[in-house]
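Number of protein chains: 2
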Amino acid sequence: MKTNIVTPALRNIKIEDPLFAHYSDMISEKLLPYQWDVLNDRLPEVEKSYCVRNFRIAAGELDDERLGAIFCDTDAYKWLETLAFCIESGRGKDFEPTADELIELIGRAQEDDGYLNTYFSVCHPDRKWKNLAEGHELYCAGHLIEAAVAYYGATGKRRILDIAVKFADLICRIFGQEEGQVKGCAGHQEIELALIKLSRVTGNKAYAEKARYLLDIRGQSPNYLVDELKRTGKDRIFPEFKDYDELYAQSHLPPVNQTTAEGHAVRAMYMYSAMADVAREFGDQNMKNACRSIWKNVTEKRMYITGGLGSSGHLERFTADYDLPNDRMYCESCASVGLMMFGARMAALSGDARYYDIVEKALCNTVLAGISAEGDKYFYVNPLEIWPDNCIAGTSMAHVKPVRQSWFGVACCPSNIARTLASLGQYIYAQDEKSIYINQIISSTLETRMKDAAIKLRLCSELMDKNRFSLSIQADRAQSFTIRIRVPEYLKNPVFVLEGKAIAPVIENGYAVVAVSHAGSQTLEVSGSITPRWMAANTNVRADLGSLALMYGPYVYCLEETDNGKLLSNIYVSADTQVEIGNGFDTLPGALPSLHFEGCRLESGTGDKLYAEPSFSFSSQRLTAVPYALWCNREPGEMQVWLKARI
Amino acid sequence: MKTNIVTPALRNIKIEDPLFAHYSDMISEKLLPYQWDVLNDRLPEVEKSYCVRNFRIAAGELDDERLGAIFCDTDAYKWLETLAFCIESGRGKDFEPTADELIELIGRAQEDDGYLNTYFSVCHPDRKWKNLAEGHELYCAGHLIEAAVAYYGATGKRRILDIAVKFADLICRIFGQEEGQVKGCAGHQEIELALIKLSRVTGNKAYAEKARYLLDIRGQSPNYLVDELKRTGKDRIFPEFKDYDELYAQSHLPPVNQTTAEGHAVRAMYMYSAMADVAREFGDQNMKNACRSIWKNVTEKRMYITGGLGSSGHLERFTADYDLPNDRMYCESCASVGLMMFGARMAALSGDARYYDIVEKALCNTVLAGISAEGDKYFYVNPLEIWPDNCIAGTSMAHVKPVRQSWFGVACCPSNIARTLASLGQYIYAQDEKSIYINQIISSTLETRMKDAAIKLRLCSELMDKNRFSLSIQADRAQSFTIRIRVPEYLKNPVFVLEGKAIAPVIENGYAVVAVSHAGSQTLEVSGSITPRWMAANTNVRADLGSLALMYGPYVYCLEETDNGKLLSNIYVSADTQVEIGNGFDTLPGALPSLHFEGCRLESGTGDKLYAEPSFSFSSQRLTAVPYALWCNREPGEMQVWLKARI
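These protein sequence lines map, in sequence, to chains A and B. Mapping of the first sequence onto this note's numbering: position 380 corresponds to residue 380, and the numbering continues sequentially without gaps. To convert, count from 1 in the second sequence and add 647; that's this note's numbering.
In C-alpha cells:
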C-alpha cells in the first residue's frame, strides 16, 4: 500500500495554542535574533560559534583561521531553515534581507565545482571525501539542502536552491558504483533525507535514487567507514572515535536488514527517517518492513517515557533492550527531534495514527525541555533526573548539565529544536486526495483544498483544562472527503458530537474518521476524560522497576527542588496516590497545570553512619509536580521523573 | 602522640585460616607462575604484557619496539614483591633463581646514572622528567623500591636494593628546591611511600625527607602538573587527560591542607598512605590531622559498603559526597588495596583499632572479589551490580566487565592484589614495645619477642561458623605486656574467658586489652554472636536509599543469577526478612556459608508495553546469597548487592 499523504504548506497553518504559539512567537521574535548574534560571535558571554566567520574565510573575504566544530556550517543552515519556516508562517520577514546576504555569502564560499564546506575548503582541501566517518561533509550538505528547500518554499527565491542543487549534483557525481566514484556512505546520515526533499521539490528523481544508493551502500562488507578510519590513521578529529564500531553509524548491516536501533541515536533517527522516505518513494516493502521493525524496537524497548533516546552518554548511543538509566544517559534533544521526523514519516508511509503518539511524546517532553521558555538556553542532554552535585566535569557525568546552556561547542541542538518548533504545523496536519489528517490536537487553523473545494479548519483544543476539543470545518462548496482525527489515547471515553448530534465515527488506523460532504460550516466537538495517571515501566526496565512516573495528557511531570526540596530520590508515592490538578505557573508559558499530591519521604535512620542497620521511617510531604517540558525554567536544582513506589 | 607500632616480619607469621590460606597457597603455587608466564608473553590467549621483553630491549639485549603500557615495568616489580613476600613466608622458593635473573636484567636496563624506566630509556630519552603528569617515572621508581625493600627483606640479597638505591639517589638529586632541580611532584603518587620504606630499611633519613618534599611541593600555585600539561602540548599519552584537572592527581591543594578525597582514587590512596607515613616519621600533627579529615571523608561519605572507591568510571575518580552509583562506578581493585594501606598506616599512626574495620571491609570484599579463586582472572572494576547485557564496548559502561579478565593492557590490579594477599600477615599483627596488636581475626600464628621473651601466639578463628575465636599465648619467660585485640563490631556481646575464667578487658582505642605477664601458656577464648544483618545506607546516598544489603561478619553478600535467575533488580526484601545460614559452596574456597531467605519479585504488569498504568504484583522466591568476595567464580551472569526494600 502506497500512500500519498503530504503535509500542507506552513503558510496555510496558523498555530493558536497558548503553549505552542508561545514557542512560535518566541522563535521568530527572540530566538532568531539571539541565534543570529551567536552565529556572528556577537555575544561576549556566549561560547563562540565561528559559524558566519568561517563562511567569510571560505569565501576569501577574511584571512584568518577557520575555527569551531567541523560541521558548524550547519548552524547557519538550520538557522536559515528555521527562518524560512517562520517566513512561510508569516513571521520573521524582517530577517529576510539578512538571510539573503547570508545566502550570498554561502554562495561565495561555494567552490566552482559546487563543493561547499568551510572546514575542508579552508583547512584540508586535500582531504575532501576522504574521511567520511568523521568529516561530516555529507551531513553539512544535507542541512544545506534542507535549508534551501525550506527557503525556496517560503520565499520562492532560487539562489540558495541553486547553490544546493549545484552541490547535490557534485555529490551525485562523486558517489556511486561507477569507476572513479566513491563507494562510501555518510559518516553522519542526513544527506539521504535531504536528497529526497530535493528530489521532491525539483522533480529530479536522480536525487532520490542517490539517497537510496547512499542507504544501500551502507553496511556492505568490507565496512567502508571502519576501513577508512584504519586508512586515515591514528590522528582522529574526534578522540572518542577510538571506540568506533560498525554499530556506531548504523553500518553494521545494510539498512534494509536492520531490525534494532543501534549506535549514535541522532545518526540512527536521521537514517531511519530517510529509510521511511525511500520506502515510500520507491514503494519498497522490504525497506518499510525494516522501518517497522526498528520503530518497534525503539518505541517498545529503547525509548524513555519522555521520548528521549540514547542510553549511553559515551558516544551518545543506543545500548541494549530495556537499558534505560535515568541519570547518566544522553537523550539528546536532536535524537528526539529525529524521532519526531521518523514518526511523521512512518505515519505518512502507513496512514497509521499511532506513530503520532510517539511524535507527541517526543515533542511534548524532550523537545520542549531542550529549550528554555525564553529561547536562549538549551539542553543537549535530557536526563530524567538531575542531582547537580554529581554533574562534575572530568567524570562520567560531565555530559549532563544541571541547567540549560547558552550555546555549545557542538551546537546541533539549539537550531534543531528551533526548526522543529518553527515547522510544528507540519506535525499537526497532513492530507491526501481523500482525507485531511489531524495528527496533533493543537489549537490551530488550516486552509487547504480538497479537489475544487477550499477548506478551512479551526482546531480548538481545551484538552488539558476541559478535556475537550472542537473542530470547525468550512467548505466553500460541496466536496466529499474525510477528516481523520487522531484522538489521543489519554482522552478516555471520547464522545463525538457533530452539529449537536452524537456520532460514532469509525476508527481506522487509529484515526476517528468523520465524513464531510456538504458546503458551509459544521462543528465537531470531541470530549472525554483526561486524568493524571501514574505510569510504570515494563518489568524488564531495571532502572524504573518499582517506580512511578506521573503523566497528564501527553506531558510527563517531574518534581523540582524549588517546589519540593532536595533529595527527591527519597520520595515515595503509590499507584493509588490521588493527584490534584492545580494552577499553571505564572512564569511558565502555556498555562499547563501544576499537579499536587501527598507523598512521603524515607529516612534510613543510620544517623551519621554511611552504612548501618536501618531504622526506616516515613514522613509525609505535599508535593508539586511540573511538566518535564518546562523544568528548569525557574530555580535550578534537583529534578526527578521516576519516583519510588510504595507497594 | 607518636606511636612506634610496627608490623612483624612475614617470616614469623603463618596464615592458617581456610579462606586466606587458600589465597596464600594459590598465590605461590599458581599465581606466581601464571603471572610470570604473562609477563613473558608466553600465553597466546592472554593479552600481551611486554613487561620482561621491555627490560631486554632497555638492556640492549633485544632490538625491537618497546610496547605495552608506559608503566608496565611495575608489573615485574610487583611480581617480585609478591614473590618476596611468599619467600619470606616460606613459600615460592623455587622462583628465587628466576627472580635473581630478573633482577640482573633490571640491573642491566638501568642507566649509568641510576635512571631506570624502559619507556623513557628506549622511546623518549629526551623527555625524562618532562612529563610528570603522564610519564609515571616516579610511580615506576616507587614500585621498584617497594620490590627491592621486600626482596632484600626476604632474602637478604642486596642486588635489587642497590639498584633501587642508585635510582632513589638520582631522584633525590633531580627533585628539590635548589637551582637546576625539578620542582615538580609525581603525576601518580607512589614514590613517596616507597621512599619512606627505603628510608626505614637503609636508615637514610634523606629518603624520608625527599618523600616529605614531594608531598609538600604538591598543590603549590602555580600548579606544576597542569602547567606542564600545557607545555607538553596536545599530544597526550592518555587521551582522557583532555579532562585533566587539579583534583585528578590531588594537586589542588598542598596535601596538608586537603580534607576530602578527590580525583583518581588509586593516586589518592597512595598519597594518603604516604601522608600518614610522613605524619608519623616526622611527628607532623598537621599532616596527621589532614589524614584524619580525609579518612573521615572517605569512609563516611565516599566509600561503597564493599570498601570500593571511585564513583566515576571516567578518570576512575572520586566525585561528590554520597555519590555512590552501583553499576557504572570504578571501584578499582587497586583503590581498595590502597585503602587497606592507608588504613593500616592510620592505625599505626594512632594506635586505634577502628581503622582496621575498614581495612577488613576492603580486604574481605573488593580486594578478594578482584581475583578469581584460582588466581588467574581479575576484576579491575568492581561494581555492586552487574547486568551483562549493558556492559557494552563503546558505551559509558565499557569499563565494567561482567567476568574477570585474564590480563589487562593496564595491568596494575592483578599484581597489586597478589602482593597484598601475599603480605596479609602484616595486616593481622602489629606490635610496639608494650603490646602485640591483633588487628584481624584470621587464623594464624605469630612468633615474636617482647623484650627478652620469645612469644608464640596462635589465633584460631571460628568466627563465621561458631562465632568465637581463641588465642593461645606462649611466653618462654615472664614478661609484662599487653595483647590488644580488635574485636570486630559484628561480634555482638563478646565474652572473654582467660584460662577458663571470665574477664572483662578494658577497651582502649577499640582494642580489648589483655595483660600478660607470666611465662608459659595461656588461652584466651572470645565468643559472641554474629548474625546475618540487613544494612541500609545513609539517607543521603541516593543510589541505595530504600535498598538493603546483606552482611554476615565482614562479608557483604550478593545475589547471583546462577542461584536466583535473571532480573535481580526486581527482587524485594524487607529489613526483617529472616536469613538462614546455609552450607558453603564446594567449589569456592574458605567454606564461607551461603545465606538463604525469602524475597519477592515485583512485576509491573504492563504486559508487552514499555510504559503503562501499572498492575503491580509480587511473587515470592527463595533466594541464595553468596559472599561478594567470591562472586563470579561459578557461572557468569547478573549480580546484585543492594536489594530493594519493601517498607
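Each residue gets a CB set at the ideal place from its N, CA and C atoms; glycine is no exception.
{"Item": "Backbone secondary structure at C460 (chain A) - three-state DSSP", "Value": "strand"}
{"Item": "Rounded separation between D357 (chain A) and P488 (chain A) - CA only", "Value": "7 angstroms"}
{"Item": "I792 (chain B) in three-state terms, based on DSSP", "Value": "helix"}
{"Item": "Residues of the stretch 959-987 of chain B with Cβ closer than 7 angstroms to any Cβ of chain A, in chain order", "Value": "S959, G960, H961, L962, R964, T966, A967, D970, R975"}
{"Item": "Contact set for E281 (chain A): own chain, Cβ-Cβ below 7 angstroms, skip 5 residues either direction", "Value": "I196, A208"}
{"Item": "Residue burial classification, D773 (chain B) (beta-carbon count within 10 angstroms, cutoff 16)", "Value": "exposed"}
{"Item": "C-beta atoms of P255 (chain A) and M271 (chain A) nearer than 8 angstroms", "Value": "yes"}
{"Item": "Contact with chain A by S1251 (chain B), beta-carbon distance below 8 angstroms", "Value": "yes"}
{"Item": "Validate contact between the stretch 142-150 of chain A and the stretch 192-206 of chain A using beta carbons, cut 8 angstroms, 3 pairs", "Value": "yes"}
{"Item": "Candidates A:C72, A:I70, A:N54, of which the one nearest D64 (chain A) by Cα", "Value": "A:N54"}
{"Item": "Interface residues of chain B facing F616 (chain A) [CB-CB closer than 8 angstroms]", "Value": "A1183, A1222, A1292, I1294"}
{"Item": "Identity of the residues DSSP links to G1231 (chain B) by a beta bridge", "Value": "B:P1240"}
{"Item": "Chain-ordered chain A contacts of D1036 (chain B) [CB-CB under 9 angstroms]", "Value": "T319, A320, D321, Y322, D323"}
{"Item": "Contact belief for G1022 (chain B) with I652 (chain B) at Cβ below 8 angstroms, rounded distance in angstroms", "Value": "Contact flag wrong, Cβ pair sits at about 31 angstroms."}
{"Item": "Same chain only: Cβ atoms within 7 angstroms of N583 (chain A), ignoring 5 sequence neighbours per side", "Value": "P593, S594"}
{"Item": "Integer-rounded CB distance, given that R267 (chain A) should sit under 8 angstroms from Q285 (chain A)", "Value": "Actually they are not in contact, since the Cβ atoms of Q285 (chain A) and R267 (chain A) sit about 25 angstroms apart, beyond 8 angstroms."}
{"Item": "Residues that I392 (chain A) contacts on chain B, provided the C-beta gap is smaller than 7 angstroms", "Value": "T966, A967"}
{"Item": "Exposed unless 16 or more other CB atoms sit within 10 angstroms - verdict on D608 (chain A)", "Value": "exposed"}
{"Item": "Contacting residues, own chain, Cβ-Cβ under 6 angstroms from P414 (chain A) (five flanking each side not counted)", "Value": "Y378"}
{"Item": "From B:W683, B:L808, B:P972, residue whose alpha carbon lies closest to that of I1033 (chain B)", "Value": "B:P972"}
{"Item": "DSSP state of T860 (chain B) mapped onto helix, strand, coil", "Value": "Reading off the sequence shown, one finds Tyr at residue 860 (chain B), where the question assumed Thr. In this structure, Y860 (chain B) counts as helix in the three-state DSSP scheme."}
{"Item": "DSSP-derived helix/strand/coil call for F1055 (chain B)", "Value": "coil"}
{"Item": "Close Cβ partners of F989 (chain B) (< 6 angstroms) along its chain, the five nearest in sequence each way excluded", "Value": "M916, Y919, S920"}
{"Item": "Near-chain B residues of the stretch 217-249 of chain A (beta-carbon distance less than 8 angstroms), N- to C-terminal order", "Value": "P239, K242, D243, Y244, D245, L247, Y248"}
{"Item": "Under the three-state DSSP convention, the category Q1169 (chain B) falls into", "Value": "strand"}
{"Item": "C-beta contact flag for N416 (chain A) and V337 (chain A) at 8 angstroms", "Value": "yes"}
{"Item": "Alpha-carbon spacing of S940 (chain B) relative to H899 (chain B), whole angstroms", "Value": "16 angstroms"}
{"Item": "CA-to-CA distance, S980 (chain B) to Y1027 (chain B), given in whole angstroms", "Value": "6 angstroms"}
{"Item": "Continuous beta strand (DSSP E) assignments of at least 3 residues falling wholly in the stretch 384-431 of chain A", "Value": "429-431"}
{"Item": "Whole alpha helix (DSSP H) elements within the stretch 1192-1221 of chain B, 4-residue minimum", "Value": "1208-1211"}
{"Item": "Proximal residues, the stretch 282-303 of chain A versus chain B, C-beta separation under 8 angstroms", "Value": "T299, E300, K301, M303"}
{"Item": "Buried versus exposed call for L678 (chain B) [16 or more other C-beta atoms within 10 Å across all chains shown]", "Value": "buried"}
{"Item": "V945 (chain B) burial status per 10 Å Cβ neighbour count (16 or more: buried)", "Value": "buried"}
{"Item": "Rounded C-alpha distance that separates D41 (chain A) from T98 (chain A)", "Value": "16 angstroms"}
{"Item": "Residue burial classification, T259 (chain A) (beta-carbon count within 10 angstroms, cutoff 16)", "Value": "exposed"}
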